[in-house]
Amino acid sequence: MAHLGVINLPELLERILYFLVVDKTLYPALFVSRLWYRCGAPILWKRIELKWKNKCHSRLKKFIKLVRRKQTPVYCSNVTHLEVSYYHSLSDKKIISIVHSCPNITHLSFINSIAFSNRALELIASSYPNLKYLNLCDDRSFRTREVDDEGLWRIVKSCHKLEYLNIDYRTEITELSICGIIRSCPKLQHLDLSYCKITDVTIEEIARSCLKLKYLNLRGCVNISKKAIDQLNPNTHVENYRDPIDIRAEMERVIELISRQPRVVNIRSRLHQILRQPNSNIFMTVDSGADHSTIDIRQAPRNYSIVLFDDLASPER
Numbered sequence: 000m001a002h003l004g005v006i007n008l009p010e011l012l013e014r015i016l017y018f019l020v021v022d023k024t025l026y027p028a029l030f031v032s033r034l035w036y037r038c039g040a041p042i043l044w045k046r047i048e049l050k051w052k053n054k055c056h057s058r059l060k061k062f063i064k065l066v067r068r069k070q071t072p073v074y075c076s077n078v079t080h081l082e083v084s085y086y087h088s089l090s091d092k093k094i095i096s097i098v099h100s101c102p103n104i105t106h107l108s109f110i111n112s113i114a115f116s117n118r119a120l121e122l123i124a125s126s127y128p129n130l131k132y133l134n135l136c137d138d139r140s141f142r143t144r145e146v147d148d149e150g151l152w153r154i155v156k157s158c159h160k161l162e163y164l165n166i167d168y169r170t171e172i173t174e175l176s177i178c179g180i181i182r183s184c185p186k187l188q189h190l191d192l193s194y195c196k197i198t199d200v201t202i203e204e205i206a207r208s209c210l211k212l213k214y215l216n217l218r219g220c221v222n223i224s225k226k227a228i229d230q231l232n233p234n235t236h237v238e239n240y241r242d243p244i245d246i247r248a249e250m251e252r253v254i255e256l257i258s259r260q261p262r263v264v265n266i267r268s269r270l271h272q273i274l275r276q277p278n279s280n281i282f283m284t285v286d287s288g289a290d291h292s293t294i295d296i297r298q299a300p301r302n303y304s305i306v307l308f309d310d311l312a313s314p315e316r
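So the sequence shown is numbered by numbering that gives the first Met the number 0: it starts at 0 and just counts up by one.
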């Protein structure tokens, strides 16, 4: 029987090269031979992660230039996982080029990337019905708000296979739309609603519709009761939830502390005004450390951060 070398078995070689993906060492292997390139390049193109930072700056530019060509590489159709992070010029036109060049994406992440509108989300929704992962988080409070309910509704109508959704800091998206996507995506396993303006209504909808949910992030969501949280599936891990009663008690304690300081002007009256507006667009985070308390007050379009030390009342200070 003739001896069969590995180099004559492309399928076997391809399986071996998959192990290099785990260690992120596949790229150098492409230069071994033409056969290795033909087997390895399609694998390498499945997952693309680009950041507008450090060395990835030029890579992101090259990728955008590549997908905007009239004739794109055949390997673009292999892309299933795409992450473009911290890119502040991700326009609708660029997303259109990405969608047309990479038609098989199921994992899409635009962390802190801006400049696109509802039009881009509409195209994503219609082009990727098999989308399982979508990350639109954006913690830049001074961004231009070009994405709102209309864009999310498009996702609701088409992407019923979503398992991961992150709309962290997307405060322009209303509770009605959030509940709509929860009802339409029963396969959700990971949901990040940090600083979204939601109430018990959203939590109750999650309890009814998302029976497979494993992770829920509620950072900065201050209008949710403990009673609503108790309705969730016990297998759901709830991150960063604080009972409004505990938050108010903590703030009252801090108010009492700082009101003793003659150099702090009108803080007491200002914080009491905030406490009387539980349904406003003001978001509060209270962090109590061993030697300090921090209140982070957020109200679009400005942010306020007040750091208060427990020993402020000491005469030595």
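Where is the CB? At the ideal position from N, CA and C, for every residue including glycine.
Note that the structure is predicted; figures quoted are calculated from it, not measured.
Exposed or buried, residue i, counting other C-beta atoms within 10 Å across all chains shown (16 or more means buried)?
i    : result
L107 : buried
I123 : buried
L65  : exposed
D229 : exposed
E162 : buried
R207 : exposed
V31  : exposed
D137 : buried
L11  : exposed
L187 : buried
V146 : buried
K69  : exposed
K196 : buried
In chain order, what residues of the same chain have a beta carbon less than 7 Å from the beta carbon of residue i, not counting five sequence neighbours either side?
i    : result
N216 : D191, L192, S193, E238 and N239
S176 : D148, L151 and W152
Under 8 Å Cβ to Cβ from residue i, same chain only, skipping five residues before and after it: list those, please.
i    : result
I95  : A119 and L122
S125 : R153 and S157
So, helix, strand or coil for residue i, using DSSP?
i    : result
V98  : helix
K225 : helix
I197 : coil
N278 : Annotation note: pLDDT 49 at N278 (below 50); position unreliable, coordinate value reported separately. Here N278 sits in coil by DSSP.
I47  : strand
L240 : Per the sequence shown, residue 240 should be read as Tyr rather than Leu. Three-state DSSP puts Y240 in coil, outside helix and strand.
L65  : helix
S157 : helix
E145 : coil
G56  : The sequence given here has His at residue 56, not Gly. H56: helix per DSSP, three-state reduction.
Y127 : coil
A114 : coil
L210 : coil
E203 : helix
P72  : coil
I177 : helix
S32  : coil
L231 : coil
What does the alpha-carbon distance come out to for the pair residue i and residue j?
i    : j    : result
G179 : N134 : 17 Å
R241 : V221 : 7 Å
F141 : R33  : The predicted position of F141 is uncertain, since its pLDDT is 48 and thus under 50; a value taken from the coordinates is nonetheless stated next. The alpha-carbon atoms of F141 and R33 are separated by roughly 49 Å.
K45  : H236 : 31 Å
V83  : K50  : 6 Å
L210 : E203 : 12 Å
F109 : R169 : 13 Å
T198 : R67  : 42 Å
T71  : D91  : 18 Å
S183 : V155 : 6 Å
L334 : L43  : This structure gives no information on residue 334, because the portion of the chain shown stretches from 0 to 316.
S292 : G219 : Because the pLDDT of S292 is 48, which lies under 50, any placement of that residue in the model is unreliable, and the number read from its coordinates should be weighed accordingly. Roughly 16 Å separates the two Cα atoms.
If I measure Cβ to Cβ from residue i and keep anything under 6 Å in the same chain, skipping five residues before and after, which residues do I get?
i    : result
K93  : I63
I97  : V66
I205 : I181
Residues bridged to residue i by DSSP?
i    : result
H87  : DSSP, once it has assigned bridges, lists no residue as partnering H87.
L190 : L164 and L215
S108 : E82 and N134
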